[in-house]
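Each residue of the sequence shown is one higher than the one before, counting from 6 in the numbering used here. Built from N, CA and C at the ideal position, the CB exists for glycine as well. Here the structure is a predicted model, which is why all the values come from computation and not from measurement.
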Amino acid sequence: MIRKTMADRKYELLRADREVQRGEMRKRLRELGDEAGLRELEAATAAWQQSEWAGKYEDMMTAPEELVTEQLKAAMTDLGASTERLASVRVVKTLREDVSAQMTPFSDGSGLVNVADATLTLCSHYARYISISLTQLASGSFGATVRAARAGNMGGDPAVLTGLLRYYCTNQRVYALAAKLGLRLDLEAEKNAAFLYLQASQFIIGHEIAHHALGHQSAVSGFSPDEHIPVCSDNQARELEADLFAYRASKRLIEQELAGHAEAADAATFSLLGALIAMLAVHLTERALFIRRGCTHPSARVRSALLLDQVGEREQQFARIFLSTPLAATEAASTISEEAQLFSWELAGTPPVYTSLPHMDMLKIAHLDAWQCRPESWHLALLESESQESGAWLGEAAQLAVSGNPAEALRLWGVRKAGIAPLCDSAKPLLFFTLMDSLRQGFKARGVESVRTDGYALAAATLAARHLT
């Protein structure tokens, strides 16, 4: 009998029931009236069940990451990493949104890489957008591509990517949904997008495995004596070391796949683009969705600059062409303030963007995005004015939050006593959604009408968040 490691046991706890997830997806698609999305899900499920992969991997939603993990471990072994050490690390793709990607060491020497579904969903957004530019480059001149990049319109209007990302982030902050609008691509761009997504997912997983392979350690967790805190940190030297090893492993995999083909000469470039996409996805997740990030990675701008300094001039030039617009869009999409470039419902009808979701969904998300970016004074005035309808406690709690007493404000807003301490614990990561949902439940408990709870919760969360960082 094979003895389970601590990472194995934690893996079993974190692994999601994907059949339940599909059931929830079907329910949500029916609620939205998205018949096209429902048909697409059923077709994909049927195709998976008939495929050769169904008997080898746990589920169609995790099979790509399982395969990538196997390949990365083999590549890292070729690059000199310890086979024994690599065998002791597991990778779990979870529905948890309180992390983007992280590696947790255990006292028995094992390690667990935890990657959120939502972070990989973001990678697909970036991959599809950048694939437009990549396809343009393949069909046109390099000079024209450089001129387009300098003009800031690689792949079209940069506002398109910003809008796509803000739609995603607003859904995540308010509903914890990894919702996305579609980008219509031609066949060649679809192929490029799939390839870039593969490189990005390889890098995200590879970076965390690299921490384990390189022996990076962290302090013991205060919550479990056998578990350490995640390895990721603002330590730029250590993060660069993991980035470089993940990049080398990904590059090796492409070289092996493209061996004998002309495209093999571009292996370093493709690996680099995947790494940059991964950095952007992690950056947006950690900056836009969290109030307190806890263990975090350096910003995408810092990480990309450090990695680019380590590659050849040709790869640097190529990567910078594709990086400028997505990086600017990422920083714009993660800005939650009066200066933000807000999501517009009109984006859904602007080619190449498309959606099968109802028009009212676009209007709702645009409205919520505008609300969350209002100044503190606006949210305070809203809750005070609504006190006449719902009770004086609503405005009194708002005043407490603004005055720097979020715990008492949360209590008055109806948040359960047991739930207040974790929300206010500065040592624990905190998602904006976690705060908002706690407030949503609190308002329901206080008898607030359901049509008002989202608006109240968003205003209250915005006020409290400023004092919970």
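With a minimum length of 4 residues, the unbroken runs of alpha helix (DSSP H) contained wholly in the segment 72-139 fall at 88-92. Taking 4 residues as the minimum length, the alpha helix (DSSP H) runs contained wholly in the segment 165-221 are 192-218, in order along the chain. Only residues of its own chain outside the window of five on either side were considered, and among them I296, R297 have a CB closer than 7 Å to the CB of T474, listed in chain order. Exposed is the label assigned to V25, since fewer than 16 other Cβ atoms lie within 10 Å of its Cβ. In the DSSP assignment, R8 falls outside any beta strand (DSSP E), carrying neither H nor E.
Put simply, the segment 378-388 touches the segment 459-471. At least three CB pairs are less than 8 Å apart.
When C-alpha distances from E75 are compared across A272, Q404, R95, the shortest belongs to R95. The three-state reading of DSSP puts L362 in coil, since its state is none of H, G, I, E or B. Counting along the chain, no alpha helix (DSSP H) covers I296; the unbroken beta strand (DSSP E) around it starts and ends at 295-297.
The beta carbons of S392 and E381 sit no closer together than 9 Å.
Nearest in C-alpha terms to T109, of all of A403, L19, V407, M365, is L19. Under DSSP, L436 forms a beta bridge with F295. With a cutoff of 9 Å on beta-carbon distance, A338 and A293 are scored as near each other.
Per DSSP, reduced to three states, the secondary structure at L263 is coil, with no helix or strand assignment. For G396, the three-state secondary structure derived from DSSP is coil. For W53, the uninterrupted alpha helix (DSSP H) run begins and ends at 40-54, by DSSP.
In summary, W58 is exposed, with fewer than 16 beta-carbon neighbours lying within 10 Å of its beta-carbon over all protein chains present. Of all C-beta pairs linking the segment 242-259 to the segment 57-72, fewer than three are shorter than 8 Å, placing the two stretches out of contact. Exclusion of the five residues before and after D103 leaves P434, L436 as the residues of its chain whose Cβ lies within less than 7 Å of its Cβ. Taking the Cα positions, A423 is about 16 Å away from M441.
Taking all protein chains shown into account, K78 has 16 or more neighbouring C-beta atoms within 10 Å of its C-beta and is therefore buried.
Sequence-distant Cβ neighbours of S87 in its own chain, meaning closer than 8 Å and more than five residues away, are A218.
For F323, the uninterrupted alpha helix (DSSP H) segment begins and ends at 318-338. For K61, there is no enclosing alpha helix (DSSP H), as DSSP marks it with neither H nor E. For V307, the uninterrupted alpha helix (DSSP H) run begins and ends at 305-313, by DSSP. In the DSSP assignment, C378 falls outside any alpha helix (DSSP H) and carries neither an H nor an E.
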